[in-house]
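Undergrad: Under the working numbering, the residues of the sequence shown are numbered 5 to 195, in order.
Mind looking over this structure? Questions follow.
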Amino acid sequence: MPSPSKASRFFNVVDQREFALCQSINRTLRFRPVEGYFRVVSRLGDGWLWYLVILAMPLLRPQNGLSIALLMVATGLTCTITYKLLKRWLIRERPFISFPSISCGTPPLDRYSFPSGHTLHAVCFNTVLAMTATELAWLLLPFTLSVAASRVVLGLHYPSDVAAGSLIGGCLGLLSVSCFYDVFSQIAATA
């Protein structure tokens, strides 16, 4: 595992390489409808839409919705712990902090950038749904993709933060369903 100083040096090089792409994507904030859309998506991606989905699962899918909801709660907590530990350990400044020419479209929830926690959660939850409630996953896929895009558009993350969040979130979602869906199905059956 690299030390924070090695990680910092690595991210400094990567940040310079991603700067031009970040800046060009971030310029879309000049268009008010773009800024408004991605601010709303970002706010919903703070967890609000996912909380609603979790609460609605038992109603949407009476046969297995409670087990899916319990699995999503447990997996969501795992995602939060994972991204918070990685951010503290790797310490990558956000694009708008490192490069003043990049605008911050909305206040971040925390200081550091790598990986994107919003993307990690969105991809994880969409992966869980893809494996347990496919029709709902397809319905939420545009939102998941919009959450990922919002992170770069709003100047909060580099594309590599979003890619890493997607990869980690997808892996956690797959692992969660593969290893724990049956456990949560048994718990739900006894409830």
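The C-beta atom is built at its ideal place from N, Cα and C for all residues, glycine as well.
Please read these numbers as outputs of a predicted model, since none were measured by experiment.
How far does the alpha helix (DSSP H) with A60 in it extend, from its first residue to its last?
TA: L53 to L64
Undergrad: So which of G109, C128, S164 and A78 has the shortest CA-CA distance to S117?
TA: S164
Undergrad: Do I72 and T136 have their C-beta atoms closer together than 8 Å?
TA: yes
Undergrad: Run through DSSP, which three-state label would Y116 get?
TA: Three-state result, Y116: strand.
Undergrad: Tell me E97's beta-bridge partners as DSSP assigns them.
TA: Y116
Undergrad: Spatial neighbours of D19 within its chain, please: CB distance less than 6 Å, with the 5 preceding and 5 following residues excluded, ordered by chain position.
TA: S102
Undergrad: Do the region 143 to 150 and the region 89 to 106 touch if we need at least three Cβ pairs shorter than 8 Å?
TA: no
Undergrad: Near E39, which residues of its chain fall below 7 Å by C-beta distance, leaving aside the five closest residues on each side in sequence?
TA: L33 and G109
Undergrad: Let's test the definition: count the other Cβ atoms within 10 Å of the Cβ of W196 and tell me whether it reaches 16, buried, or not, exposed.
TA: Lying before the first or after the last residue shown, residue 196 is absent from the chain, which here runs from 5 to 195.
Undergrad: Within its chain, find whatever has a CB closer than 8 Å to the CB of K10; leave out the 5 residues flanking it on each side and keep chain order.
TA: none
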